[in-house]
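Below is one structure, written out as structure tokens; the observations come after it.
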Amino acid sequence: MIDSIAECQTDSYLHVLPSSVGYFAQQVLASKAMTLIPVLPDDIRNKHNKLINVAVEQGIKSLEEIKRQLCDSENIDYKKLMESAGTLSRHGAKLNSERRSLTPRGSGSDEE
Numbered sequence: 005m006i007d008s009i010a011e012c013q014t015d016s017y018l019h020v021l022p023s024s025v026g027y028f029a030q031q032v033l034a035s036k037a038m039t040l041i042p043v044l045p046d047d048i049r050n051k052h053n054k055l056i057n058v059a060v061e062q063g064i065k066s067l068e069e070i071k072r073q074l075c076d077s078e079n080i081d082y083k084k085l086m087e088s089a090g091t092l093s094r095h096g097a098k099l100n101s102e103r104r105s106l107t108p109r110g111s112g113s114d115e116e
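Structure below.
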């Protein structure tokens, strides 16, 4: 939907949001699933859960700012919008990196 709005308004900044939000959500879900593996040592599980909690906390703040900019502001502050999208992408990448460091190479895991 946001892509359609971006096309109608010829606002290229809005094209970034679906990718950032989707990537972040995908990485949170995949990371959370990793922590549910019964044989994962508790110290690794706890470390990973802390990373997930920080990412989700920051993600909520970013999503609230995106909502504020798109829904509540008369004039979009594109700097705040892009900072929020960047925060989502950065935390998504961190979760992906940490999760992949736990997965043996060539095990059929996603290679994103």
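If you read the sequence shown in my numbering, its first letter stands for residue 5, the second for the next number, and so on. Even glycine gets a Cβ: it sits at the ideal position worked out from N, Cα and C.
By alpha-carbon positions, which one of Met86, Ile41 and Phe28 ends up nearest to Val20? Met86
Taking its Cβ as the centre, do 16 or more other Cβ atoms sit within 10 Å of Ser88, making it buried, or is it exposed? buried
Rounded C-alpha distance that separates Lys36 from Ser105: 15 Å
Is the distance from the Cβ of Lys98 to the Cβ of Ala34 below 8 Å? no
Could you give the distance in angstroms between the alpha-carbon of Gly110 and the alpha-carbon of Ser77? At Gly110 the pLDDT is 49, less than 50, meaning the model places this residue with poor confidence; the figure from the coordinates comes in the next sentence. Approximately 47 Å, taken between the alpha carbons.
With respect to the alpha helix (DSSP H) encompassing Gln62, which residues constitute its N-terminal and C-terminal limits? Asp46 to Lys71
Report the residue from Asp81, Leu18, Tyr17 and Phe28 whose alpha carbon sits nearest the alpha carbon of Gly96. Phe28
Among residues of its own chain, excluding the 5 on either side of Asp81, which ones have a beta-carbon nearer than 7 Å to its beta-carbon? Gln73
State the DSSP-derived secondary structure class of Val43, mapped to helix, strand or coil. coil
Exposure label - Leu40; buried when at least 16 CB within 10 Å: exposed
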